[in-house]
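The structure appears below as structure tokens.
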């Protein structure tokens, strides 16, 4: 048998597999494909790479504890792993012989009995039956079906006939017994069970998560924008970073958001959290951040006009227009949080906001004009 493998489940590996399957020369008649997933407990490259981007004493210490925990989980229980997709491509050769495998049927029977293969097969069939797939049990051809299902399926090349080279072996025997199905090559390629584990965005070392099968991965809603230096392709200017987390009370939504916040702060980013319910207060105080709480006992006055530009440039005019279009809705929520404002009240708020902004700009301009006039008078008196 001649065989070679394509390893990996990344996008580049998927493209490589797709290009390989396009060519009929790579898959001649009687060839076969075997797909195997291998889970390895060697996750050091994931952990060390993620840990290397943490900044600050607190976040470095948190990263050390996190990597130690995940390393122990991978080594002791195997619940965290790195999954590799192994694809074997087999083509027929002249010297294949299945006699040696048939002689080992007793050993194979004892092995599968110790593995409790019957219970596993029943569970597998029940799972696929719910998806519309049905199986027919074997009665007299167990060995042939087993050999055909094993990796590196044996196909023997037979004598040359009028129509070309004939083949024999397990595959041909099963077809003659009605255990095979003939179809076009395109359909076979579509039905290939080539499914790999997602390893996240390696250029965005945000949160360390594990998939349902234990595959460790990086995840961040910001993608390559989290660390632009690692993103070779750049970030689209209109990329949307919105995120919605839903769950029943107590399911861990706030814990997940705080972990996301720590992943951004750990690489040197900035986080502004609008906290409803004080879920972030303790974490904020532990990290030494500023927690601004609006309370009658601690009144806080915020000037909404402090960041509004005053000059007449195109960007400043656009910024003032955005402020006048968005801020009235905030005022309406503050004034009537339960029922909202009416059609009469909303235009009044809009007019009051516009007048307040114009008054502010006028007072600033008047102050600047009077200051410059006074300064000129002082200079004139000095030289008189």
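Residue numbers (this note's numbering): 575 to 958. Even for Gly, the Cβ is constructed at its ideal location relative to N, Cα and C. Given the structure is predicted, the values throughout are model-derived calculations rather than measurements.
**Q.** Residue range of the alpha helix (DSSP H) that includes residue 888
**A.** Residue 888 sits at position 314 when you count from the first residue of the chain shown. Run containing residue 888: 888-909, per the alpha helix (DSSP H) assignment.
(Q) For the beta strand (DSSP E) containing residue 784, name the first residue and the last one. (A) Here residue 784 corresponds to residue number 210 of the chain shown, with the count starting at 1. Its beta strand (DSSP E) spans residues 781-784.
Q. Residue 669 by DSSP, collapsed to three states: which one?
A. Along the chain shown, read from residue 1 onward, the residue named residue 669 stands at position 95. With a pLDDT of only 46 at residue 669, under 50, the local geometry of the prediction cannot be trusted, and the value read off the model is given with reservation. If DSSP states are grouped into helix, strand and coil, residue 669 belongs with coil.
Q) Going by Cα to Cα distance, which pick from 832, 607, 653 and 916 is closest to residue 859? A) In the chain shown, residue 859 corresponds to position 285, counting from 1. The residue among 832, 607, 653 and 916 with its C-alpha nearest the C-alpha of residue 859 is 832.
Q.
Whole angstroms are fine: how far does the CA of residue 789 sit from the CA of residue 773?
A. Counting from 1 along the chain shown, the entry for residue 773 is found at position 199. Counting from 1 along the chain shown, the entry for residue 789 is found at position 215. C-alpha separation (whole angstroms): 7 Å.
(Q) Classify residue 593: buried if its beta carbon has 16 or more other beta carbons within 10 angstroms, exposed otherwise. (A) Along the chain shown, read from residue 1 onward, the residue named residue 593 stands at position 19. Taking a 10 Å sphere around the C-beta of residue 593, we find fewer than 16 other C-beta atoms and assign the residue as exposed.
Q) What's the C-alpha gap between residue 870 and residue 910? A) As a position in the chain shown, residue 870 is number 296, starting the count at 1. As a position in the chain shown, residue 910 is number 336, starting the count at 1. Their backbone Cα atoms lie some 18 Å apart in a straight line.
Q. Skipping 5 residues on each side, what residues in its chain have a beta carbon closer than 7 Å to that of residue 928?
A. Against the chain shown, residue 928 aligns to sequence position 354. In the same chain as residue 928, and ignoring 5 residues on each side of it, the C-beta atoms closer than 7 Å to its own belong to 898, in chain order.
Q: Within its chain, find whatever has a CB closer than 6 Å to the CB of residue 645; leave out the 5 residues flanking it on each side and keep chain order.
A: Working through the chain shown from its first residue, we reach residue 645 at position 71. Cβ contact annotation for residue 645 (same chain, cutoff 6 Å, sequence separation greater than five): none.
Q. Helix or strand or just coil, what does DSSP make of residue 874?
A. As a position in the chain shown, residue 874 is number 300, starting the count at 1. DSSP, reduced to helix, strand and coil, places residue 874 outside both helices and strands of the structure shown, so it counts as coil.
Q.
Per the DSSP calculation, residue 791 is bridged to which residue(s)?
A. Residue numbering aside, residue 791 sits at position 217 when the chain shown is read from its first letter. DSSP lists 783 as partners of residue 791.
Q | Per DSSP, cross-strand counterpart(s) of residue 613 | A | By one-based count along the chain shown, residue 613 stands at place 39. Residue 613 is bridged by DSSP to 657.
**Q.** When 834, 852, 771 and 805 are compared against residue 658, the one with the closest alpha-carbon
**A.** Here residue 658 corresponds to residue number 84 of the chain shown, with the count starting at 1. Checking every option, the nearest Cα to that of residue 658 belongs to 771.
Q: Note down, in chain order, each residue of its chain lying with its Cβ closer than 6 Å to the Cβ of residue 749, except the 5 sequence neighbours on either side.
A: Indexing the chain shown from 1 puts residue 749 at position 175. Counting only Cβ-Cβ distances below 6 Å, and skipping sequence neighbours, we find nothing.
Q: Would you give the residue range spanned by the alpha helix (DSSP H) that residue 621 belongs to?
A: The count along the chain shown starts at 1 and reaches residue 621 at position 47. Start and end: 618-625.
Q.
On the DSSP bridge list, what partners appear for residue 774?
A. Position 200 of the chain shown holds residue 774. Partner(s): 792.
Q: List the whole-angstrom C-beta distance separating residue 656 from residue 617, where the pair is believed to meet the contact cut-off of C-beta under 8 Å.
A: Residue 656 sits at position 82 when you count from the first residue of the chain shown. Residue 617 sits at position 43 when you count from the first residue of the chain shown. That belief holds up - the Cβ atoms of residue 656 and residue 617 are roughly 5 Å apart, short of 8 Å.
Q) With distances taken between CB atoms, is the gap from residue 836 to residue 660 smaller than 8 Å? A) In the chain shown, counting from the first residue as 1, residue 836 sits at position 262. In the chain shown, counting from the first residue as 1, residue 660 sits at position 86. Going by beta carbons, residue 836 and residue 660 fall outside the 8 Å limit.
Q) Between which two residues does the alpha helix (DSSP H) carrying residue 803 extend? A) By one-based count along the chain shown, residue 803 stands at place 229. Neither: residue 803 is in no alpha helix (DSSP H) and is coded neither H nor E.
**Q.** Same chain only: Cβ atoms within 7 Å of residue 641, ignoring 5 sequence neighbours per side
**A.** Start at 1 with the first residue of the chain shown, and residue 641 comes out as number 67. Closer than 7 Å at the Cβ level, and outside the excluded window around residue 641, lie 621 and 625.
Q | Nearest-angstrom Cβ-Cβ length linking residue 902 and residue 924, presumed shorter than 8 Å | A | Numbered from its first residue, the chain shown carries residue 902 at position 328. Numbered from its first residue, the chain shown carries residue 924 at position 350. That belief holds up - the Cβ atoms of residue 902 and residue 924 are roughly 5 Å apart, short of 8 Å.
Q.
Can you look up residue 753 in the DSSP assignment and give me helix, strand or coil?
A. Working through the chain shown from its first residue, we reach residue 753 at position 179. Residue 753: coil per DSSP, three-state reduction.
Q | 6 Å Cβ shell around residue 610 - same chain, five flanking residues per side excluded | A | One-based indexing of the chain shown puts residue 610 at position 36. Taken in chain order, the residues that qualify are 660.
Q) How many whole angstroms separate the CB atoms of residue 798 and residue 777, which I take to be in contact at a CB cut-off of 8 Å? A) Taking the chain shown and counting its residues from 1, the one referred to as residue 798 is at position 224. Taking the chain shown and counting its residues from 1, the one referred to as residue 777 is at position 203. 5 Å between Cβ atoms; contact.
Q) Out of curiosity, what's the CA-to-CA distance linking residue 747 and residue 720? A) Residue mapping note: residue 747 aligns to position 173 of the chain shown, counting from 1. Residue mapping note: residue 720 aligns to position 146 of the chain shown, counting from 1. Here the alpha carbon of residue 747 sits roughly 13 Å from the alpha carbon of residue 720.
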